[in-house]
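Asker: Below is a structure I'd like to ask you about.
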Amino acid sequence: MLWGLVYQDSIPVSPDYSSLKEFNTRFSFLEEISTSMQSTAATPLVPENQIITLRVVTAGKKNIAHGIINMTYFFIQYIQALLAKLGIRRWAPELNNASDSLYNKACCISAIQTFRQISAGGAFEYMNIKLWSLNNIQLLEAAYNHIVFW
Numbered sequence: 001m002l003w004g005l006v007y008q009d010s011i012p013v014s015p016d017y018s019s020l021k022e023f024n025t026r027f028s029f030l031e032e033i034s035t036s037m038q039s040t041a042a043t044p045l046v047p048e049n050q051i052i053t054l055r056v057v058t059a060g061k062k063n064i065a066h067g068i069i070n071m072t073y074f075f076i077q078y079i080q081a082l083l084a085k086l087g088i089r090r091w092a093p094e095l096n097n098a099s100d101s102l103y104n105k106a107c108c109i110s111a112i113q114t115f116r117q118i119s120a121g122g123a124f125e126y127m128n129i130k131l132w133s134l135n136n137i138q139l140l141e142a143a144y145n146h147i148v149f150w
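Counting from 1, one number per residue, gives the positions in the sequence shown under UniProt numbering.
In structure tokens form, the structure reads like this:
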């Protein structure tokens, strides 16, 4: 959903060069990304109204693939605010680069963090997610890498 792949025939988009360049001038270390995401006082690097990700999504129940996601307006705002802190206007991993590049790590961390938050909030109830599994970061990262880079 972050990637905008809400239809079966959707094709992933790549990040544009200017966005990658802007990201790489702002961040040099993984710790900077974590600090920016976790700080409640962190200033967004881009205005939230410039976030393209989930812009067309409206709150409510949505049919996605073979299930239903219950996406509240709060979840949409949460995801957009987190991406604004990272300066990521459109969530799109750089598939032509290593999965452990700094930008791709930022995409991974933001995806896992938002997945954990909205799952705990009940957005994916149809999946019967075991809430204890949301604390298994290694499992979530392995699943992310399999889905995105496989």
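Heads up, the beta-carbon is just placed ideally off N, CA and C, and yes, glycines get one too.
Output the boundary residues of the alpha helix (DSSP H) element that contains V148.
Answerer: I137 to F149
Asker: What distance in whole Å lies between the Cβ atoms of I51 and L102, which are believed to be in contact at a cut-off of 8 Å?
Answerer: Not confirmed; about 20 Å, so no contact.
Asker: Kindly indicate the opening and closing residues of the alpha helix (DSSP H) around L30.
Answerer: L30 to Q38
Asker: Three-state secondary structure (DSSP) at W132?
Answerer: helix
Asker: According to the neighbour-count rule (16 or more other Cβ atoms, all chains shown, within 10 Å of its Cβ), is L86 buried or exposed?
Answerer: buried
Asker: Is the CB-CB distance between V148 and R89 below 8 Å?
Answerer: no
Asker: Pop quiz: C107 and E141 are said to be a contact at Cβ under 8 Å. What is the actual Cβ separation, rounded to whole angstroms?
Answerer: Going by Cβ atoms, the distance from C107 to E141 rounds to 12 Å, so no, they are not a contact pair.
Asker: Decide if S28 is buried, meaning its Cβ has at least 16 other Cβ atoms within 10 Å, or exposed.
Answerer: exposed
Asker: Mind checking A81: buried by the 16 CB within 10 Å criterion, or exposed?
Answerer: exposed
Asker: Under the rule that 16 or more other beta-carbon atoms within 10 Å means buried, what is G67, buried or exposed?
Answerer: Residue confidence is low: G67 scores 49 on pLDDT, short of 50, so the model does not pin down where it sits. No coordinate-derived value is stated.
Asker: Return the CA-CA distance between I150 and D9, expressed in angstroms with no decimal places.
Answerer: A small correction: the amino acid at residue 150 is Trp; Ile does not occupy that position in the sequence shown. Roughly 18 Å separates the two Cα atoms.
Asker: Does the beta-carbon of A98 have 16 or more other beta-carbons within 10 angstroms, so that it is buried, or is it exposed?
Answerer: exposed
Asker: Note down, in chain order, each residue of its chain lying with its Cβ closer than 7 Å to the Cβ of L131, except the 5 sequence neighbours on either side.
Answerer: Counting only Cβ-Cβ distances below 7 Å, and skipping sequence neighbours, we find A120.
Asker: Rounded to whole angstroms, what's the CA-CA distance from F75 to S36? Just pull it up for me.
Answerer: 19 Å
Asker: Quick one: Cα of A41 to Cα of G122, how far?
Answerer: 27 Å
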